[in-house]
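Remarks on the structure that follows.
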Amino acid sequence: MNFADDRLMRAKQIPMREVADRLGLSLTRITAQEWAGPCPGCGDGGKGKRADRFAINTARGVFNCRKCGAAGDQVALVSLALGVAFKPALAHLMGEREAIPDPAAQEQRRRQAAAQEKRRAEVEAQMRARAIRDAREIWTAAEGQDLRPAQDYLAGRGIRFAAWPPTLRCLAAAPYTRKIGGSLKTFHTGPCLVAAVQDGAGRIRAVHRTWIDPARPGSKAQIFDDQGQALPAKLVRGSKKGGAIRLTPAPPAFGVLIMGEGIETTASALVLGAVPGAAYWAGVDLGNMSGRMIKTPGARYSGQPDLEDLEAFVPPRDLSRLIFLMDGDSDPAATRARLLSGLRRACVQTPGLRAEIVAAPGGRDFNDILTGEANHE
Ligand SMILES: [Zn+2]
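Mind the numbering: the sequence shown is residues 5 to 381 in the working numbering, read in order.
Below, the structure written as structure tokens:
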């Protein structure tokens with residue numbers, strides 16, 4: 005073994021936690037072996053952003069950033085943080101002080117990182133635009149198609165609309181396609197309920213699809229991957245952030261908006277006629293209804309909205325009352341915190357808004373109440 009190999013071996017024996025400390029990284033423990041925080045390379049995961057993209061694993065002696073893709077061992081972490089090549093990074097790690105980088109090299113590294121971040125943002129914007137295009141193509145393809153499979157599915161759950169919402173369509177033979185290991189794969193083809201997800205201005209930004217089992221009215225299709233694992237029967241394509249599935253038109257000025265997470269919950273409340281004259285929109289998912297939240301130590305969901313999240317869902321500004329429906333079949337504390345975040349955000353936008361959570365009684369969901377049955381999943 006030559007001298008350089010020996011040095012590398014000794015460098016790899018330095019605990020990852022110690023390397024992070026010596027580099028002055030600000031990390032928070034997220035599991036027994038993992039510490040997360042802002043990435044020293046791309047800077048992502050800083051204040052107000054998702055802080056778990058950069059993490060070190062002390063058991064395995066590695067780090068990785070899910071944003072910029074940087075990953076590796078102790079030497080690689082020094083190299084990333086100080087913006088130097090392998091040799092000076094190794095020298096620095098082994099305490100050889102002359103290897104500390106000069107400011108010009110650090111400045112160049114910062115410029116490179118900024119350029120890389122710009123490229124990443126461009127790629128992300130392109131992918132989002134592509135997803136929205138796809139969503140609109142799916143929506144257009146469903147135009148004028150026979151609604152009966154979708155109507156039978158909802159009727160099987162006790163949901164019969166007085167007027168069919170124009171935001172719901174049906175596809176007779178929709179491929180259920182997901183990206184597995186970089187390539188697209190179709191696991192199922194069958195009828196699906198297609199719902200338009202509209203932004204605040206009413207533009208379609210995504211489609212929410214529910215594959216249904218035409219042989220069992222009220223039931224979703226059972227879809228499995230190659231390993232026999234069940235896949236969710238619902239998929240969203242496009243950009244759902246800030247959007248809603250409008251089962252009724254927008255509420256009038258000083259009106260009431262009732263929002264559940266899913267189509268079935270919200271439609272059940274509509275059919276039950278909870279509040280006459282109210283508008284009923286589905287929020288697509290809890291994360292969309294809550295928007296980003298401020299992090300507080302020790303709590304997964306603080307219930308406090310991060311008001312810098314400008315893409316989060318907010319209801320029409322002239323609303324007088326906003327009701328979020330809470331199904332009893334999920335983790336109550338976490339669900340409530342997420343719903344509170346969304347309601348508080350809406351109240352900041354519309355002072356004087358009456359905002360409340362209405363929970364389905366007895367641990368049931370609103371569709372159970374409509375049908376009087378125990379469970380549908
Ligand atoms: Zn990074």
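All C-beta atoms, glycine included, are put in the ideal place defined by N, C-alpha and C.
- A contact is defined here as three or more CB-CB pairs under 8 Å, and the stretch 126-140 fails this definition with respect to the stretch 57-75.
- Here V201 is actually not in contact with V88; their C-beta atoms are around 47 Å apart, not less than 8 Å.
- Residue pairing by DSSP places F228 opposite A234 in a beta bridge.
- D48 has its Cβ nearer than 7 Å to a heavy atom of ligand 1.
- Between the alpha carbons of M98 and R11 lies a distance of about 8 Å.
- Your pair A199 and T181 does not check out as a contact, with CB atoms roughly 18 Å apart and the cut at 8 Å.
- The Cβ atoms of D313 and G295 sit closer than 8 Å to each other.
- By the CB criterion at 8 Å, G45 and C72 fall inside the cutoff.
- Relative to ligand 1, the beta carbon of F58 is positioned inside 7 Å of a heavy atom.
- Assignment of E38 by DSSP, reduced to helix, strand and coil, places it in the strand class.
- The DSSP assignment places 267-276 and 290-294 as complete runs of the alpha helix (DSSP H) inside the stretch 262-329, in order along the chain (cut-off: 4 residues).
- Listed in chain order, the non-local C-beta contacts of M20 below 6 Å within the same chain comprise I60, T62 and G65, local neighbours out to five positions each way being set aside.
- Judged by DSSP secondary structure, S83 falls within the alpha helix (DSSP H) whose first and last residues are Q78 to L86.
- Under the three-state reduction of DSSP output, W215 falls in the strand class.
- Fewer than three Cβ pairs drawn from the stretch 250-258 and the stretch 210-220 lie within less than 8 Å of each other, which leaves the two stretches out of contact.
- Per DSSP, the continuous beta strand (DSSP E) segment holding L175 begins and ends at L172 to I184.
- If you draw a straight line from the Cα of L84 to the Cα of V260, it comes to about 53 Å.
- Going by DSSP, I361 is part of no alpha helix (DSSP H) but of the beta strand (DSSP E) stretching over R358 to A363.
- With respect to E265, A283 sits apart: the two C-beta atoms are not nearer than 8 Å.
- In this structure, A74 has its CB closer than 7 Å to one or more heavy atoms of ligand 1.
- In the three-state scheme derived from DSSP, where H, G and I count as helix and E and B as strand, L239 is classed as strand.
- Straight-line measurement puts the Cα of I227 at about 8 Å from the Cα of Q233.
- Rounded to the nearest whole angstrom, the CA to CA distance from R70 to G47 is 12 Å.
- Taking a contact to require three or more Cβ pairs closer than 8 Å, the stretch 299-314 and the stretch 358-370 do not qualify as touching.
- In summary, K16 is exposed, with fewer than 16 beta-carbon neighbours lying within 10 Å of its beta-carbon over all protein chains present.
- CA-CA distance, F328 to L343, rounds to 7 Å.
- A139: member of the alpha helix (DSSP H) spanning P107 to A145, first to last residue.
- For T190, no alpha helix (DSSP H) encloses it; the enclosing beta strand (DSSP E) starts and ends at S187 to Q202.
- Apart from sequence neighbours up to five positions away, the residues of its chain that approach I34 with a beta-carbon distance below 8 Å are A40, D56 and A59, ordered along the chain.
- The three-state secondary structure of C72, taken from DSSP, is coil.
- In the three-state scheme derived from DSSP, where H, G and I count as helix and E and B as strand, I373 is classed as helix.
- Its chain contains R241 as the residues whose beta carbon lies nearer than 6 Å to that of D138, once the 5 sequence neighbours on both sides are disregarded; these appear in chain order.
- Ranked by how close their Cα comes to the Cα of A166, the residues A118, A108, A271 and I184 have A271 in first place.
- Burial of G222 is indicated by the presence of at least 16 other C-beta atoms within 10 angstroms of its C-beta.
- In the three-state reduction of the DSSP assignment, A63 falls in the coil class.
- Relative to A350, the option among G332, N292, A337 and G376 whose CA is nearest is N292.
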